[in-house]
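Read top to bottom, the protein sequences are chains S and W.
My numbering applies: residue 1 is where the first sequence begins, and numbers increase by one.
My numbering applies: residue 1 is where the second sequence begins, and numbers increase by one.
Below: one structure, written as structure tokens.
2 protein chains.
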Amino acid sequence: MKAVERYNSETAREYAMRAITENIISIDLEPGQLISENEIASFLGVSRTPVRESIQELNKAALIEIYPQRGSYVSLIDSKYVEEAVFLRKVLDIAVIEEACNLATEDDIALLEENVALQEFYLKSNNTKKIFELDNEFHRMIYVAAKKEMIHNMRKNVMIHFDRVRTLSMLAVKDTKIVADHGIMLSAIKNKDKNKAKEIVEKHLDRYRVDQEELLRTYPQYFAKE
Amino acid sequence: MKAVERYNSETAREYAMRAITENIISIDLEPGQLISENEIASFLGVSRTPVRESIQELNKAALIEIYPQRGSYVSLIDSKYVEEAVFLRKVLDIAVIEEACNLATEDDIALLEENVALQEFYLKSNNTKKIFELDNEFHRMIYVAAKKEMIHNMRKNVMIHFDRVRTLSMLAVKDTKIVADHGIMLSAIKNKDKNKAKEIVEKHLDRYRVDQEELLRTYPQYFAKE
DNA sequence: ATCCCTTGACTTGTATACAAGATTGTATTA
DNA sequence: TAATACAATCTTGTATACAAGTCAAGGGAT
Chain S
1 MKAVERYNSE TAREYAMRAI TENIISIDLE PGQLISENEI ASFLGVSRTP
51 VRESIQELNK AALIEIYPQR GSYVSLIDSK YVEEAVFLRK VLDIAVIEEA
101 CNLATEDDIA LLEENVALQE FYLKSNNTKK IFELDNEFHR MIYVAAKKEM
151 IHNMRKNVMI HFDRVRTLSM LAVKDTKIVA DHGIMLSAIK NKDKNKAKEI
201 VEKHLDRYRV DQEELLRTYP QYFAKE
Chain W
1 MKAVERYNSE TAREYAMRAI TENIISIDLE PGQLISENEI ASFLGVSRTP
51 VRESIQELNK AALIEIYPQR GSYVSLIDSK YVEEAVFLRK VLDIAVIEEA
101 CNLATEDDIA LLEENVALQE FYLKSNNTKK IFELDNEFHR MIYVAAKKEM
151 IHNMRKNVMI HFDRVRTLSM LAVKDTKIVA DHGIMLSAIK NKDKNKAKEI
201 VEKHLDRYRV DQEELLRTYP QYFAKE
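Printed below as a string of structure tokens:
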């Protein structure tokens, strides 16, 4: 488990949740790994209570398995859930960008433009981490423009299953194409061109296709056998 | 708050979560009502811990608002969230029944047939509560047949916002038509007729349209002013 | 009467104590 | 040697104690 800096503004619970989630996505908490509420609590410098609440929540999202009085484990990567995440993203993103074409205000578009400009900036300096953050934020802003913020929160949780796979196959995605896609999405929204928007989203999602067979060969211990 | 019987098999946490959620859906915990962790804990006969964990979870789902050191309230019905729920259900249910047409096994279909038979049975005796339960179960089984169980769990949580509205407008839905719809969905799945399936789902969802204007006049104190 | 301050009874946030079950290593016994 | 009983030590589940902040009521001073 890697250290995560604690913000001043956040409660112990929020900090624990964020730290554990980030570690799961980054595979610093490995799939299948045994975890202990006490260990994590002392590592993070908080008590068991906020850690426990976070673990319960991640258990609900099928990211941690709890065996009472025995122990808790980071869930193995289950291709069943990964496929559900991919399915959900595809169905929702297409429906939502269509709605964003209808509803996006000038303010929404201004924010999206600022985001894309930053993506282009960080693309030049090859700052993959920043691009990753801006990528997530870009898609969130589209949901907000479409007045679907609650749905986005839910999408984010489900997507963690896919995010882990993405972490393992780090280099599968070409940042250049991603950033270009975002520019096309933005102009489609500006022009209220729903068909163009849906078309580019579909193409965009296909770029994230990863070779699960290869990952399974490289990291067999991380995957659930069915 | 109404009493909810505790099953032997469930933990205090599961019981608290189920009891509070049921009370929110049934409006026995009223929108806007002040709630106290201590009060609920003693009413349910458990300690603050499991109650607190449940409240945190419902807060994440935007069903309870927490003001630290001041108090917690059942969220007012916010038409923004109700509309997100309706949107989500429509987008997902249509995509999922299409997938169910592809993937449903004979076992899946057998279970659906049994469910529809029971719906017809309880329709004769006008048992609205049973129909409500079978309705939920019917849709869940379609998600399971389409291998989208995790997505269904998520859908269920979002739908609580709509379920509250449904509770208030109890009599708006004609059970007869609902049960008939389910029969048509089932035969569309059996025949792998995706277009027919999507068409009837769309028609089906329209039946749940409620007159929010009227509800707002009848229960103004339950609704969030924007 | 009005303003201000204090006090006490609430709230949620967090830490800790205890309960109950699972597991493992060890010692004892057949 | 092998099997079994037992104790120590884990685990999570639950209850409780304490911390810190909010708010309203009431008393006293102006």
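Cβ coordinates follow ideal geometry from the N, Cα and C atoms, glycine included.
As the structure is a prediction and not an experimental result, all values here were calculated from the model.
> With a cut-off of 8 Å, does the C-beta of A16 of chain S fall near any C-beta of chain W?
Replying inline: For the purposes of this step, residue 16 of chain S is taken as residue 16 along the first sequence, with counting starting at 1. Cβ-Cβ to chain W under 8 Å: no for A16 of chain S.
>> Rounded to whole angstroms, what is the Cα-Cα separation between E83 of chain S and I40 of chain S?
In response: For the purposes of this step, residue 83 of chain S is identified with residue 83 of the first sequence, where counting begins at 1. For the purposes of this step, residue 40 of chain S is identified with residue 40 of the first sequence, where counting begins at 1. For E83 of chain S and I40 of chain S, the distance between alpha carbons rounds to 30 Å.
>> For K190 of chain S, would you say it is in contact with chain W, using Cβ-to-Cβ distances shorter than 8 Å as the test?
In response: Taking the first sequence and counting its residues from 1, the one referred to as residue 190 of chain S is at position 190. No, because no Cβ of chain W sits closer than 8 Å to the Cβ of K190 of chain S.
> If you compare alpha carbons, which of S:M141, S:K192, S:K196 and S:D163 is closest to E22 of chain S?
Replying inline: By one-based count along the first sequence, residue 22 of chain S stands at place 22. For the residues S:M141, S:K192, S:K196 and S:D163, the minimum Cα distance to E22 of chain S belongs to S:D163.
>> DSSP has F223 of chain W in a bridge; who is on the other side?
In response: If you number the second sequence from 1, residue 223 of chain W lands on position 223. Beta-bridge pairing links F223 of chain W to W:I77.
>> For chain W, check one thing: does any of its Cβ atoms lie closer than 8 Å to the Cβ of S179 of chain S?
In response: Your numbering for residue 179 of chain S matches position 179 in the first sequence. For the sequence presented, residue 179 of chain S should be read as Val rather than Ser. Taking Cβ atoms only, chain W never reaches closer than 8 Å to V179 of chain S, which makes this a no.
>> On the CB-based measure, 16 or more other CB atoms within 10 Å of its CB, does N157 of chain S come out buried or exposed?
In response: Indexing the first sequence from 1 puts residue 157 of chain S at position 157. With 16 or more Cβ atoms within 10 Å of its Cβ, N157 of chain S is classed as buried.
> Residues of chain W with CB under 8 Å from I151 of chain S, in chain order?
Replying inline: Locating residue 151 of chain S in the first sequence gives position 151, counting from the first residue. Result: E84, F87, L88 and V158.
> CB-CB under 7 Å to K302 of chain S, same chain, minus the five flanking residues each way: which ones, in chain order?
Replying inline: Here chain S has residues from 1 to 226 only, and residue 302 of chain S is not among them.
>> I'd like to know if Y81 of chain S contacts chain W, where contact means its C-beta is closer than 8 Å to some C-beta of that chain.
In response: Walking along the first sequence from the start, residue 81 of chain S turns up at place 81. By this cut-off, Y81 of chain S is an interface position.
> For the candidate residues S:I27, S:I24, S:N153 and S:I184, whose alpha-carbon lies nearest to that of A85 of chain W?
Replying inline: Numbered from its first residue, the second sequence carries residue 85 of chain W at position 85. Ranking the options by Cα distance to A85 of chain W, first place goes to S:N153.
> Taking buried to mean at least 16 other C-beta atoms within 10 Å of its own C-beta, is E57 of chain W buried or exposed?
Replying inline: Position 57 of the second sequence, counted from the start, is the residue given in the question as residue 57 of chain W. Buried.
>> 8 Å is my cut-off, CB to CB: does K147 of chain S come that close to chain W?
In response: Locating residue 147 of chain S in the first sequence gives position 147, counting from the first residue. It does; some Cβ of chain W falls within 8 Å.
> Hey, does M243 of chain S have any beta-carbon neighbour from chain W nearer than 8 Å?
Replying inline: With chain S covering only 1 through 226, there is no way to say anything about residue 243 of chain S.
>> If I measure Cβ to Cβ from V46 of chain S and keep anything under 8 Å in the same chain, skipping five residues before and after, which residues do I get?
In response: As a first step, residue 46 of chain S is located in the first sequence; it is residue number 46 there, counting from the start. For V46 of chain S, where only same-chain residues beyond five positions count, the Cβ hits under 8 Å are A12, Y15 and A16.
>> Does the distance between the C-beta of I151 of chain W and the nearest non-hydrogen atom of the ligand HEM fall short of 7 Å?
In response: You won't find the ligand HEM in this model; it holds no ligand whatsoever.
>> Contact defined as beta carbons within less than 8 Å: I believe I64 of chain W pairs with I55 of chain W. What is the distance between those atoms, to the nearest angstrom?
In response: Position 64 of the second sequence, counting from 1, holds the residue named residue 64 of chain W. Position 55 of the second sequence, counting from 1, holds the residue named residue 55 of chain W. Going by Cβ atoms, the distance from I64 of chain W to I55 of chain W rounds to 6 Å, so yes, they are a contact pair.
> Shortest alpha-carbon distance to P68 of chain W belongs to which of W:A197, W:S36, W:M150 and W:R89?
Replying inline: Here residue 68 of chain W is taken as the residue at index 68 of the second sequence, counted from 1. Nearest option by C-alpha distance: W:S36.
>> Whole angstroms are fine: how far does the CA of I151 of chain S sit from the CA of L88 of chain W?
In response: For the purposes of this step, residue 88 of chain W is taken as the residue at position 88 of the second sequence. For the purposes of this step, residue 151 of chain S is taken as the residue at position 151 of the first sequence. One C-alpha to the other measures close to 7 Å.
> Under a CB-based cut-off of 8 Å, is E37 of chain W close to chain S?
Replying inline: Here residue 37 of chain W is taken as the residue at index 37 of the second sequence, counted from 1. Not an interface residue.
> Whose C-beta lies closer than 7 Å to the C-beta of K196 of chain S among residues of the same chain, with five residues either side of it excluded?
Replying inline: If you number the first sequence from 1, residue 196 of chain S lands on position 196. Closer than 7 Å at the Cβ level, and outside the excluded window around K196 of chain S, lie A188.
> Is it right to say F138 of chain W is buried, meaning 16 or more other beta carbons lie within 10 angstroms of its own, or is it exposed?
Replying inline: Translated into positions along the second sequence, residue 138 of chain W becomes position 138. It counts as buried.
> Is Q212 of chain S close to chain W, meaning its C-beta is less than 8 Å from at least one C-beta of that chain?
Replying inline: Here residue 212 of chain S refers to the residue found at position 212 when the first sequence is read from its first residue. No, no contact with chain W.
> Whole alpha helix (DSSP H) runs in the region 42-76 of chain S with 4 or more residues, listed along the chain?
Replying inline: 48-60
>> Using 8 Å as the threshold, is the C-beta distance between K90 of chain S and L205 of chain S below it?
In response: Position 90 of the first sequence, counting from 1, holds the residue named residue 90 of chain S. Position 205 of the first sequence, counting from 1, holds the residue named residue 205 of chain S. Yes, these two residues count as a Cβ contact at 8 Å.
> Thinking just about the alpha-carbon of each residue, which of S:F132, S:A146 and S:V74 is nearest to the one in V116 of chain S?
Replying inline: Looking up residue 116 of chain S in the first sequence gives position 116. V116 of chain S has its Cα closest to that of S:F132, out of S:F132, S:A146 and S:V74.
> With a CB to CB cut of under 7 Å and the five nearest residues on each side skipped, what residues in its chain are close to A19 of chain S?
Replying inline: What you label residue 19 of chain S is simply residue 19 of the first sequence in a count that begins at 1. Excluding residues within five positions, the ones whose Cβ falls inside 7 Å are V4 and L44.
>> Can you tell me whether K213 of chain W is buried or exposed? The criterion is at least 16 other CB atoms within 10 Å of its CB, across all chains shown.
In response: The residue you call residue 213 of chain W lines up with position 213 of the second sequence. Reading off the sequence shown, one finds Glu at residue 213 of chain W, where the question assumed Lys. So E213 of chain W ends up on the exposed side.
>> Here's a check: name, in chain order, each residue in its chain whose Cβ is nearer than 6 Å to the Cβ of D93 of chain W, leaving out the five neighbours to either side.
In response: Here the question's residue 93 of chain W lines up with position 93 in the second sequence. The answer, listed in chain order, is V201.
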